[in-house]
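Sequential numbering from 158 applies to the sequence shown in the numbering used here. Using N, Cα and C, we set each Cβ at its ideal position, and we do this for glycine too. These figures come from a predicted structure and were not determined experimentally.
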Amino acid sequence: MFGPSTIAARRLLKRTVIQGGLEAVSLMSKAGVMQNAGGMGAIFTLHHVRPAVHKDFDPVAHLTITPDFLDASITRLKADGRVPVALEDLPDFLAQPDQPGPAMVFTLDDGYRDNDQHARPVFEKHGIPYTVFVSGGFVDRTHSIWWETAEQLISAVNEFTFDFGNGEVTLPTGSLIEKYAAFDRLHKALACAEQDMIVSRLDAQARTAGICPLGIVDHEVMNERELSALAATPLASLGAHTISHINLAHVDTARMHAEIEQSAERVARIAGARPQTLAYPYGDSCAAGPREFETARELGFKLAVTTNPGVLNSESLSDLHSLHRISLNGYYQKTRYVEALVSGIPFARR
Ligand SMILES: [Zn+2]
């Protein structure tokens, strides 16, 4: 077991190491070392896009970037000769014998309302197509967003009593370090224990503390009317992102299949056409594997994206249901870091 201060120190250390690495790669990339590692382009992952608000306890700060950073990143990427491509057009783009330049593809997960308010104007200013991945349970307000509920609840309480899967324990959450430790513990429990159970326990506890989990969803996520209006704009597309935003690799095959298929049907009812694209929730190698990739292919998706970090390369066309993405991360909002990431150097095989 690690104490709260060890966990907080590790969080900080990890960020410092990554930041140092990105600075080094930025210099290498400017010096022309290892050119072409990112030759075919990149798909970017975004979540919230909104002006910065300082919060003392901000466990998911990495999921928010500002509209100014998005604007600056696109300006820089365009200046570097990158070509905006809609996600669903990517296979055709990659198959061209002569690409006009490396692709830049933008995707936004979870359907947050700020995507329409703050990201859409930036994309429209630059003429950039983008895909918003929608979870049916968030749109219909039947499913809460555990990380948003947990942030509000843990922020509000000085003590957190919770059954993480092995009986109730009480964690002190008075200090900031303790709050981060409790949040991390919950995050870990979701990867091991029954996810629906943990989320419903968390929701019940939040309600007891006067926090409404579905009210948070209603506040943060676009409803059907808003999504359908967004989908009707020329640059936006909607993609599927399951119903309950579950870690698909941790549920049985029937549930995994139903989550993907039903979310495709739900998006079809919003957008008027079945989505061609899917994003696996959480999306790393612990949340989506060969079983999920095969199901996405069988269900007729043209392509599907993970959150495994990487750029597009010559193998991407044969891995269309397990495409890598680069996260535009709230901790590293400097355009030189974006350039470092799209260089492909951080992901190059050594
Ligand atoms: Zn998501």
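{"Check": "At least 3 beta-carbon pairs within less than 8 Å: the segment 425 to 436 vs the segment 403 to 412", "Outcome": "no"}
{"Check": "Which residues DSSP lists as bridging Tyr287, in chain order", "Outcome": "Phe263, Ala393"}
{"Check": "Opening and closing residue of the beta strand (DSSP E) in which Ser462 lies", "Outcome": "For the record, residue 462 in the displayed sequence is Val; it is not Ser. Unbroken beta strand (DSSP E) run through Val462: 460 to 466."}
{"Check": "Ile502 - DSSP class collapsed to helix/strand/coil", "Outcome": "helix"}
{"Check": "Supposed close pair Val279, Asp228 - CB separation, criterion 8 Å", "Outcome": "5 Å"}
{"Check": "Continuous alpha helix (DSSP H) stretch holding Glu316: start and end", "Outcome": "Where Glu316 is concerned, there is no enclosing alpha helix (DSSP H), although the beta strand (DSSP E) it sits in stretches over 316 to 320."}
{"Check": "Buried or exposed (CB count within 10 angstroms, at least 16 for buried), Met158", "Outcome": "Residue placement at Met158 is poorly supported in this model, since its pLDDT is 46, which falls under 50; the coordinates still yield a value, given next. Met158 should be labelled exposed."}
{"Check": "Same chain, Cβ closer than 6 Å to Gln362, five either side skipped, listed in chain order", "Outcome": "none"}
{"Check": "Helix, strand or coil at Glu451 [DSSP, three-state]", "Outcome": "helix"}
{"Check": "Nearest-residue set for ligand 1, Cβ under 6 Å from any heavy atom", "Outcome": "Asp266, Asp267, His398, His402, Pro438"}
{"Check": "Close beta carbons around Lys336, own chain, < 7 Å, minus the five adjacent residues each side", "Outcome": "Phe214, Ile311, Ser312, Thr330"}
{"Check": "The segment 354 to 370 touching the segment 303 to 310, judged by at least three CB pairs closer than 8 Å", "Outcome": "yes"}
{"Check": "Residue nearest to Ile483 in terms of C-alpha spacing, selected from Ala497, Arg382, Asp267, Val378", "Outcome": "Ala497"}
{"Check": "Residues bridged to Ala199 (per DSSP)", "Outcome": "Met261"}
{"Check": "Residue range of the unbroken beta strand (DSSP E) whose run includes Thr399", "Outcome": "Careful: Thr399 lies outside any beta strand (DSSP E) and carries neither H nor E."}
{"Check": "Alpha carbon of Arg260 to alpha carbon of Ser500, nearest angstrom", "Outcome": "Residue 260 is actually Ala in this sequence, not Arg. Cα to Cα, Ala260 sits roughly 12 Å from Ser500."}
{"Check": "For His205: DSSP bridge partner residues", "Outcome": "Thr221"}
{"Check": "Residue nearest to Asp375 in terms of C-alpha spacing, selected from Thr299, Val468, Phe290", "Outcome": "Thr299"}
{"Check": "Distance, Ile368 Cα to Asn465 Cα", "Outcome": "33 Å"}
{"Check": "CB of Ile209 within 8 Å of CB of Thr232, strictly", "Outcome": "In the sequence under discussion, the amino acid at residue 209 is Ala, which differs from the Ile named in the question. Not a contact, by the Cβ cut-off of 8 Å."}
{"Check": "Cross-strand partners of Val210 (DSSP beta bridge)", "Outcome": "The partner list for Val210 (beta bridge, DSSP) is empty, contrary to what the question assumes."}
{"Check": "C-beta atoms of Gln256 and Phe250 nearer than 8 Å", "Outcome": "yes"}
{"Check": "Beta-carbon proximity check, Leu485 vs Ser230, cutoff 8 Å", "Outcome": "yes"}
{"Check": "Extent of the continuous beta strand (DSSP E) to which Ala425 belongs", "Outcome": "Segment 410 to 428 is the alpha helix (DSSP H) holding Ala425; no beta strand (DSSP E) there."}
{"Check": "Cα-Cα separation, Pro241 to Ile200", "Outcome": "10 Å"}
{"Check": "Residue from Cys443, Glu455, Asn323 with nearest C-alpha to Leu477", "Outcome": "Glu455"}
{"Check": "Gln256 beta carbon near ligand 2 (any heavy atom closer than 7 Å)", "Outcome": "Although ligand 2 was asked about, the structure shown includes only ligand 1 as ligands."}
{"Check": "Check whether Ala276 and Ser394 have beta carbons under 8 Å apart", "Outcome": "no"}
{"Check": "Cut-off 8 Å between Cβ atoms - residues of its own chain near Val326, not counting five sequence neighbours on either side", "Outcome": "Thr318, Phe319, Asp320"}
{"Check": "Cβ-based neighbour list, Gly440, same chain, cut-off 6 Å, excluding 5 preceding and 5 following", "Outcome": "Thr463, Thr464"}
{"Check": "Phe451, buried or exposed, once every other Cβ within 10 Å from all chains shown has been counted against 16", "Outcome": "A quick correction: the sequence has Glu, not Phe, at residue 451. Exposed, by the Cβ-count rule."}
{"Check": "CA nearest to the CA of Gln490, picked from Thr221, Gly294, Met197, Lys171", "Outcome": "Thr221"}
{"Check": "Pair within 8 Å by beta-carbon distance, Pro438 and Thr399", "Outcome": "yes"}
{"Check": "According to DSSP, residues forming a beta bridge with Tyr269", "Outcome": "Val378"}
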